[in-house]
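Basically the working numbering = 1-based index in the sequence shown + 15.
In this text, a Cβ means the ideal position worked out from N, Cα and C, and glycines have one as well.
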Amino acid sequence: MDDRTLGVVLAGGLATRMGGSDKGLLKLGQQTILDEVLKRLRPQVDAVVLNVNGDPGRFLSFGLPCIADSLSGYLGPLAGVLAALEYARKHDFEWVSSVAGDTPFFPMDFVSRARGEAMESHAPVVLASSFDHEKLKWMRHPTFGIWHVSLEDNLRDALQRGVRKIVIWTDSVGGSEIQYTHKPDSLDPFFNVNTPDELVIAQQGSQL
């Protein structure tokens, strides 16, 4: 198995607070949120796939492989991670780096830092976290992670047992985390778009 990293954009969410539309296809100026996500992810990994459910045709213009959840029923982002781990194993990647399809400003050193922490701590999964200046505590961002392909069977079993919360499972397998700080008056690098108001904030942030 090659020491390569597969990037997966988790773009298969239901987007109920955005009227059911694909958040990644919403516009930030001339480009979509997904364009911005890919611009940041591509330089950090060896290849990229999109985890999407439903008709993959709406993402054809991006020219990337689209992989659906392998388990039936919408089981949340962990199912997307599992689909990526399955794809990675079949295509000889050792690691999967997951990012959310609605988070256009994540750090350009995310994958290298996460891989470094995985090597140093021998953790099979590493999640990102950032400091919340309103809540005055560190907040994990569980859709942003680096995952070793050896986790595939364990994750499949967990999903079949009903596990849905990412951090519960990652803690159970000895996961670690990397921390990011930002100024109180600046946008969190893991700011994501869930509502129309947050879309406006993201559009303003993309112009900075």
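| task | Assign F74 to one of three DSSP states: helix, strand, or coil. | result | Numbered from its first residue, the sequence shown carries residue 74 at position 59. Three-state DSSP puts F74 in a helix.
| said: Let me check one thing: in DSSP terms, what residues is H156 bridge-paired to? | reply: To locate residue 156, count along the sequence shown from 1; it is residue 141. Answer is A143, bridged to H156.
| So which of K38, L79, D212, E192 has the shortest CA-CA distance to A133? | Translated into the one-based positions of the sequence shown, residue 133 becomes position 118. Per the Cα distances, E192.
| Where does V96 sit, in a helix, a strand or coil, going by DSSP? | Residue 96 sits at position 81 when you count from the first residue of the sequence shown. In the structure shown, V96 sits in a helix (DSSP, three-state: H, G or I).
| said: Rounded to whole angstroms, what is the Cα-Cα separation between L100 and P211? | reply: By one-based count along the sequence shown, residue 100 stands at place 85. By one-based count along the sequence shown, residue 211 stands at place 196. Each residue's alpha carbon lies about 32 Å from the other.
| query | Are the beta-carbon atoms of L49 and L40 separated by less than 8 Å? | reply | For the purposes of this step, residue 49 is taken as the residue at position 34 of the sequence shown. For the purposes of this step, residue 40 is taken as the residue at position 25 of the sequence shown. Contact: yes.
| said: With the cut-off set at 8 Å, would you say Q194 and W162 are in Cβ contact? | reply: On the sequence shown, residue 194 is found 179 positions in, with the first residue counted as 1. On the sequence shown, residue 162 is found 147 positions in, with the first residue counted as 1. For Q194 and W162, no; Cβs fall outside 8 Å.
| field | Terminal residues of the alpha helix (DSSP H) in which A217 lies | value | For the purposes of this step, residue 217 is taken as residue 202 along the sequence shown, with counting starting at 1. Residues 211-220.
| task | Would you identify the three-state DSSP class for Q45, choosing helix, strand or coil? | result | One-based indexing of the sequence shown puts residue 45 at position 30. Reduced to three states, the DSSP call for Q45 is coil.
| message | Looking at L93: is its Cβ nearer than 8 Å to the Cβ of L214? | response | Position 78 of the sequence shown, counted from the first residue, corresponds to residue 93. Position 199 of the sequence shown, counted from the first residue, corresponds to residue 214. Contact flag unset, no.
| said: What would DSSP say about V25, mapped onto helix, strand or coil? | reply: By one-based count along the sequence shown, residue 25 stands at place 10. Per the sequence shown, the amino acid found at residue 25 is Leu instead of Val. Note: L25 maps to strand in three-state DSSP.
| Residue-level contact to chain B via CB, R73, 8 Å cutoff | Absent here is chain B; the protein component of the structure consists of one chain.
| task | For S113, collect the residues of the same chain with a Cβ closer than 7 Å to its Cβ; drop the 5 residues on either side in sequence, then sort them by chain order. | result | One-based indexing of the sequence shown puts residue 113 at position 98. The residues are V23, L25, V96, A99, T158, F159, G160, W162.
| task | Look at T228 and V141 and say whether their C-beta atoms are less than 8 Å apart. | result | What the structure shows of the chain is the stretch from 16 to 223, and residue 228 is not part of that stretch, so it cannot be assessed.
| said: Could you check whether the Cβ of W184 sits closer than 7 Å to any heavy atom belonging to the ligand PLP? | reply: Looking for the ligand PLP in the displayed structure turns up nothing, as the structure carries no ligands at all.
| said: Between the alpha carbons of E109 and S145, how many angstroms are there, rounded? | reply: By one-based count along the sequence shown, residue 109 stands at place 94. By one-based count along the sequence shown, residue 145 stands at place 130. Whole-angstrom Cα-Cα distance: 26 Å.
| task | Using 10 angstroms around the beta-carbon of K38, count the other beta-carbons present and answer buried if the total reaches 16, otherwise exposed. | result | Here residue 38 is taken as the residue at index 23 of the sequence shown, counted from 1. Flag for K38 reads buried.
| DSSP bridge partner residues for H163 (one or two, in chain order) | Against the sequence shown, residue 163 aligns to sequence position 148. W110.
| task | Give the DSSP-derived three-state secondary structure of A133 in the structure shown. | result | Taking the first residue of the sequence shown as 1, we reach residue 133 at position 118. Helix, per DSSP.
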